[in-house]
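Each remark here refers to the structure printed beneath this line.
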Amino acid sequence: MSRDQSRAGGDPVSISRQEILQDLEKLIRDGSLFGADRDPAITDGAEFDRALVKKKGKGTRFLIRKVPPKSKLLRRWARLFENAISPRTLFDALSARIHEFEHREKLLLFSKGRIIYDTEIFQGEESVGELTVSFASLRDPALGMLAYFSGARLRVVYIEHIHLTAQKSGYASALFRHYERLFHDLGFNQFRLSASLSVGRYYWAQEGFDFSDKSEAGRRKAELRALVKERALPVREVEIGRLNHAYDFARFRRELKIPAYRDAEGSYSSKADARFDEDVSLPLGKAFLLCSAPWEGYKTIYTNTPRITGFVTSRDYLSHRTRRGHVESPGRLRALLKAIDKQRPRRSLVTLSPYVPDLEFLQGIHSAKYLAKFRESVRRGEKVFSTADCSISAASFDVALLAAGGVMAGVDAVLNGRVDNAFCAVRPPGHHAGRDSAMGFCFINNVAVGAVYARTVYGVEKIFILDWDVHHGNGTQEIFEGDSLTYYCSLHEHPTFCFPGTGRRTERGTGAGAGFTLNLPLKPHTMDEELVEIFEREVVPEIERFEPGLIMVSAGFDAHERDPIADLDLTEKSFVHMTRRVCELADRYCGGRIVSVLEGGYDGPALAASVVAHLKTLQGRSPECLLEKG
Ligand SMILES: [Zn+2]
28 MSRDQSRAGG DPVSISRQEI LQDLEKLIRD GSLFGADRDP AITDGAEFDR
78 ALVKKKGKGT RFLIRKVPPK SKLLRRWARL FENAISPRTL FDALSARIHE
128 FEHREKLLLF SKGRIIYDTE IFQGEESVGE LTVSFASLRD PALGMLAYFS
178 GARLRVVYIE HIHLTAQKSG YASALFRHYE RLFHDLGFNQ FRLSASLSVG
228 RYYWAQEGFD FSDKSEAGRR KAELRALVKE RALPVREVEI GRLNHAYDFA
278 RFRRELKIPA YRDAEGSYSS KADARFDEDV SLPLGKAFLL CSAPWEGYKT
328 IYTNTPRITG FVTSRDYLSH RTRRGHVESP GRLRALLKAI DKQRPRRSLV
378 TLSPYVPDLE FLQGIHSAKY LAKFRESVRR GEKVFSTADC SISAASFDVA
428 LLAAGGVMAG VDAVLNGRVD NAFCAVRPPG HHAGRDSAMG FCFINNVAVG
478 AVYARTVYGV EKIFILDWDV HHGNGTQEIF EGDSLTYYCS LHEHPTFCFP
528 GTGRRTERGT GAGAGFTLNL PLKPHTMDEE LVEIFEREVV PEIERFEPGL
578 IMVSAGFDAH ERDPIADLDL TEKSFVHMTR RVCELADRYC GGRIVSVLEG
628 GYDGPALAAS VVAHLKTLQG RSPECLLEKG
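Structure below.
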């Protein structure tokens with residue numbers, strides 16, 4: 028939707044630069060406009076730094092610097108507000124008196140990437156709270172595919188912080204409603220609440236169900252509950268303690284409506300009369316408001332709560348050497364580790380060490396005979412094992428064990444709650460290794476070992492393995508195809524065009540496991556948009572149906588457009604999208620538990636960039652994908 032369509036009506040007003048400058052100068056003279064050297068990072072999802080605008084005692088402005096040059100002020104104003112409003116008008120609109128509350132000690136802070144409004148909230152002469160709102164204009168490739176492809180800049184309002192010393196019934200929600208309308212009319216695309224805010228109350232409020240009288244609110248809730256009961260509606264009441272992605276809300280049963288009537292001011296009533304004369308049937312419940320007026324643009328609820336992500340790797344993984352020119356070389360992992368050090372997501376990663384698993388345990392996945400044969404082949408100094416592409420060196424057996432043990436370490440950390448999710452940067456890869464076979468650079472099926480370990484040691488009942496390596500994970504499929512509790516789902520280049528020649532749609536599992544294998548072959552040159560479409564249409568509903576207790580990812584990055592050995596033309600954006608969605612699904616079904624395992628990826632820089640993007644997304648540090656428009 029274009030910005031103009033999203034407006035309440037009429038042409039956007041353009042204020043002259045002269046007028047804007049005069050207003051800015053007045054605010055500076057009043058001591059209400061400042062600059063900041065630092066900028067609270069938003070593009071990587073870091074927490075907003077309250078200290079930047081924190082006022083220490085009356086009149087003291089902490090960390091706030093001198094005002095930037097006027098040319099900069101004007102540029103930033105134009106970028107964020109497109110000169111559709113003057114600074115004074117905005118300042119007044121932001122601090123509008125609502126009920127008996129007013130803003131004092133308020134200021135505008137011009138930082139590098141955004142403008143921040145910060146204020147204390149007063150009730151009469153008593154300071155009762157504080158509020159921080161910020162405005163930003165984003166064009167981040169990681170923002171989401173739709174925005175990226177359309178080249179659009181998003182203008183976003185963040186409610187960063189609101190704190191009220193006592194429960195001031197109705198104030199916050201009335202204020203948000205006021206802001207929402209204000210910024211909608213100014214053509215902003217998104218209105219985001221920081222994760223610490225209570226959304227539940229907000230959404231009740233937005234539908235007009237907030238009343239200054241608490242008993243009235245209680246009565247309305249009771250009415251809703253009675254309605255649900257009386258009609259036996261398939262609706263659950265959910266207390267929303269934490270913000271969720273918009274998609275979660277959108278999934279609520281929006282087809283179920285209750286009669287409601289709106290007045291010209293946007294307040295609601297359950298009964299129609301002369302004032303409440305607009306018939307608006309409301310989706311039932313408090314979480315459905317994402318798609319309701321007055322907001323018609325993106326209606327994104329944003330969580331900026333980072334997760335704790337474990338990162339498993341070891342220098343020992345470099346000692347599995349393959350013959351000269353082999354794509355599965357130690358150089359892959361070196362490139363990846365170097366990028367991670369450089370990009371520093373590592374500072375906020377929990378480093379985990381792999382360990383050597385019990386051979387006996389591995390016999391639950393591979394036969395004793397096969398493992399002995401592999402060990403023997405390495406011991407004899409052979410150059411390949413089993414198939415010509417399975418190049419080996421002196422350390423290969425030990426390193427292959429350590430790769431499986433890396434996934435076990437990841438499973439330990441996630442299931443012990445030490446981390447929320449984990450990525451295991453292991454090699455050699457594993458998903459082509461079957462019970463009695465090595466192929467496609469794989470010897471021991473790392474992800475399968477992790478899954479069996481999670482089941483047998485931690486009692487995880489249902490495990491969903493998502494394999495987005497460009498090749499079909501025939502080994503993993505073979506190991507679990509008769510198992511109804513381990514769902515194997517693979518997205519890969521079509522077997523007609525790509526190794527290993529299996530993974531057709533007709534392969535759906537066997538015996539008790541029938542229906543618990545899903546292969547989604549993709550034609551060569553499938554690109555991001557199509558991949559995402561297939562992922563949303565086919566993978567997401569399967570995970571929802573299965574309701575796993577743990578999600579494991581066979582995360583190969585060889586579907587990348589720069590990869591030398593396959594022909595899908597994906598970019599990091601696909602991996603970010605899939606990761607983000609897997610995180611949301613894991614949040615919903617299994618306490619966020621994800622263990623992701625490196626498989627393929629043979630272009631060093633592409634692999635490194637993809638893994639960094641994957642890690643950041645696992646950490647909740649990349650902005651959400653734009654999947655659903657309100
Ligand atoms: Zn692969």
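Under the numbering used here, read the sequence shown as residues 28 to 657, first letter to last.
Glycine is no exception: its CB is placed at the ideal position from the N, C-alpha and C atoms.
On a predicted model such as this, the values are computed, not experimentally measured, just so you know.
- The way I'd put it, the stretch 355 to 362 doesn't touch the stretch 430 to 442; fewer than three beta-carbon pairs between them come closer than 8 angstroms.
- About 12 angstroms separates the beta carbon of Gly618 from that of Cys610, a gap too long to meet the 8 angstroms contact definition.
- The three-state reading of DSSP puts Asn546 in strand, counting E and B together.
- Phe424 and Ala465 do not touch by the CB rule: their CB atoms are close to 11 angstroms apart, not below 8 angstroms.
- CA-CA distance, Leu345 to Glu534, rounds to 35 angstroms.
- Separation of the CB atoms of Ser581 and Ala449 is rounded to 14 angstroms, and the pair is thereby denied contact status at 8 angstroms.
- In the DSSP assignment, Tyr185 falls within the unbroken beta strand (DSSP E) covering 181 to 191.
- In terms of Cα proximity to Leu386, the closest of Ile471, Glu355, Asp447 is Ile471.
- Take the alpha-carbon of Arg334 and the one of Leu518: they are about 26 angstroms apart.
- In this structure, Leu158 sits away from Lys97, with a CB-CB distance that is not shorter than 8 angstroms.
- The Cβ neighbour count for Val383, taken over all protein chains shown within 10 Å, is under 16; the residue is labelled exposed.
- In this structure, the C-beta of Gly583 approaches ligand 1 to less than 7 angstroms from one of its heavy atoms.
- Remark: the C-beta of Val497 is in contact range of ligand 1, defined as less than 7 angstroms to any heavy atom.
- Rounded to the nearest angstrom, the Cβ distance from Asp585 to Gly628 is 5 angstroms, consistent with a contact under 8 angstroms.
- DSSP, reduced to helix, strand and coil, places Arg131 within a strand of the structure shown.
- The residues Pro522, Asn546, Pro548, in chain order, have a CB closer than 7 angstroms to that of Arg531 in the same chain once the five nearest residues on each side in sequence are set aside.
- The Cβ atoms of Val94 and Leu60 sit closer than 8 angstroms to each other.
- Residue burial annotation: Arg572 is exposed, with fewer than 16 other C-beta atoms found within 10 angstroms of its C-beta.
- Taking 8 angstroms as the upper bound for CB-CB distance, Cys451 and Val434 are in contact here, some 5 angstroms apart.
- In this structure, the CA atom of Pro381 is about 15 angstroms from the CA atom of Gly457.
- Gly627 has its Cβ nearer than 7 angstroms to a heavy atom of ligand 1.
- Taking each of Thr598, Val377, Arg182, Val487 in turn and checking the Cα distance to Gln646, the smallest one comes out for Val377.
- Below 8 angstroms, too few C-beta pairs join the stretch 593 to 602 and the stretch 502 to 511 to call them touching: fewer than three.
- Among the bridge pairs identified by DSSP, Gly337 is matched with Val377, Ala449.
- Secondary structure remark: continuous beta strand (DSSP E) runs of at least 3 residues inside the stretch 554 to 623, in chain order: 577 to 582.
- Taking Val354 as the centre and dropping the five residues before and after it, the same chain places the C-beta of Pro591, Ile592, Tyr629 closer than 7 angstroms to its C-beta, in chain order.
- Of the candidates Asp145, Gly62, Arg131, Arg131 places its Cα closest to the Cα of Gly151.
- DSSP places Arg351 outside both helix and strand once states are collapsed to three, so it counts as coil.
- When the beta-carbon positions are compared, Gly576 and Ile490 come within less than 8 angstroms of each other.
- Annotation for Phe162: the continuous beta strand (DSSP E) segment containing it runs 153 to 165.
- The beta carbon of Phe128 sits closer than 6 angstroms to the beta carbons of Ile148, Gln150, Tyr198 from its chain, once the five residues preceding and following it are set aside; these are given in chain order.
- Selection Phe526, Ser161, Asn501, Asp494 evaluated against Cys516 yields Asp494 as nearest (Cα-Cα).
- Put simply, of Asp463, Ala539, Cys525 the residue whose alpha carbon is nearest the alpha carbon of Thr503 is Asp463.
- The continuous alpha helix (DSSP H) containing Thr483 extends over residues 473 to 485.
- DSSP places Arg219 within a strand segment (E or B) once states are collapsed to three.
- Collapsing the DSSP output to three states places Thr146 in a strand.
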